[in-house]
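Note sheet for the following structure.
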Amino acid sequence: MPTSSKSQAILEHVRRVRFATVAELSASLGVSAVTVRRYLAQLEEQGLLTRTRGGAIAIGDLLEEPALTAKEGRQAEEKQRIAAAAVSMINDGDVIALNAGSTTAAIARLLTTRREITVVTNSLPVIRTLAGNPDIRMLIVGGQLRNRSLALVGPLALQNLADLFVDKAFLGVDGISVEHGITTPNLDEAVVNRTMLRRARKVIVVADHTKFGRVSLSRISSIEEVHTVITDQLAPADAVACLRQLGKEVVLT
1 MPTSSKSQAI LEHVRRVRFA TVAELSASLG VSAVTVRRYL AQLEEQGLLT
51 RTRGGAIAIG DLLEEPALTA KEGRQAEEKQ RIAAAAVSMI NDGDVIALNA
101 GSTTAAIARL LTTRREITVV TNSLPVIRTL AGNPDIRMLI VGGQLRNRSL
151 ALVGPLALQN LADLFVDKAF LGVDGISVEH GITTPNLDEA VVNRTMLRRA
201 RKVIVVADHT KFGRVSLSRI SSIEEVHTVI TDQLAPADAV ACLRQLGKEV
251 VLT
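Here the sequence shown stands for residues 1 to 253, numbered as in full-length UniProt numbering.
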């Protein structure tokens, strides 16, 4: 257990926000960055958090991956608004990519308002939603099905994506951080998402406010490779400002 009130305060802060920077902790506690780093090293030695470059992550968050059914019930209203904003960016005739996730599944449910679009996806829920729609052509990225996320992954998925190009890729993520980029807990999904992202002319991340500041096990890409972030009004103001300073479009729903 932490041996001082400052150490305890750091641990509680990191557990509350899931990821915190040294600068943030230093300002919050009124101590130097050197002191914060010393406390973080002690807390990591005790197995209470994980240090990263420039900060710390709450223990367990790197691998935390709720089942898709559980995700769909979280921030449902925010995801619906984010999905509506995403669909407003899709034009008739577009070729788009949707990865596996609860927010991209919400996008698929709203695509009935679009005509003659092509959807490239590795998401079983997206496939189920769009199957039989005469106005949508689907290109299904094959591969091994992950039961937890209902995503198709593996060498076959990568091979199928290799020769495809899309106008816009809409990516749901588990974490978004200016410093660490966009991340996911699963290595196989990260590789597929990264490949999908790099086949797109425009990359649009769809993420509710709870994803900000989170860092999962595997990085999909840096923020530099993202063009637009669609989120909700509760997204941290400092993160939104930083993204805009980097030239990224941020849409608040």
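Where a beta carbon is used, it is the ideal one built from N, C-alpha and C, also for glycine.
From a predicted model like this one, the values you see are computed outputs, not experimental measurements.
Per-residue DSSP class, three states only, for residue i
i	result
E249	strand
I90	coil
R114	coil
S222	coil
A85	helix
R148	coil
H227	coil
V206	strand
S177	strand
L49	strand
L243	helix
V192	helix
A131	coil
L234	coil
Q80	helix
Nearest candidate by alpha-carbon position, reference residue i, set the options
i	options	result
S123	S4, S149, N186, I136	S149
L55	E45, T21, Q75, A41	Here residue 55 turns out to be Gly, not Leu, going by the sequence shown. Residue T21 is the option with its Cα nearest to G55.
V178	V17, V87, D238	D238
L158	R198, E44, R38	R198
F165	V141, E78, V173	V141
K6	N147, L43, T129	L43
L98	D188, A106, K248	A106
R219	G181, V126, A83, Q8	G181
D167	T118, A58, A83	T118
V17	L246, V226, V215, A83	V215
For residue j and residue i, the rounded distance between their alpha carbons
i	j	result
E116	A108	14 angstroms
G143	A169	19 angstroms
V250	R81	14 angstroms
T104	L171	7 angstroms
M1	R37	Note that M1 scores a pLDDT of 45, beneath 50, so its modelled location is shaky; the value from the coordinates is reported in the next line. Looking at the two C-alpha atoms, the distance is approximately 17 angstroms.
A131	H209	31 angstroms
D232	V205	12 angstroms
S222	V173	12 angstroms
D163	L49	42 angstroms
S26	H13	12 angstroms
I10	L40	8 angstroms
residue 265	T121	With the chain covering 1 to 253 only, the question about residue 265 has no answer from this structure.
D135	R201	23 angstroms
DSSP bridge partner residues for residue i (one or two, in chain order)
i	result
V166	A200
A20	A56
S216	None, per the DSSP bridge assignment.
I96	V119, K168
V34	The partner list for V34 (beta bridge, DSSP) is empty, contrary to what the question assumes.
I182	I176, S221
I140	T121
V153	Q144
Inset, instruction - For the segment 191-201 and the segment 151-168, state whether three or more C-beta atom pairs, one from each stretch, are separated by less than 8 angstroms. - result: yes
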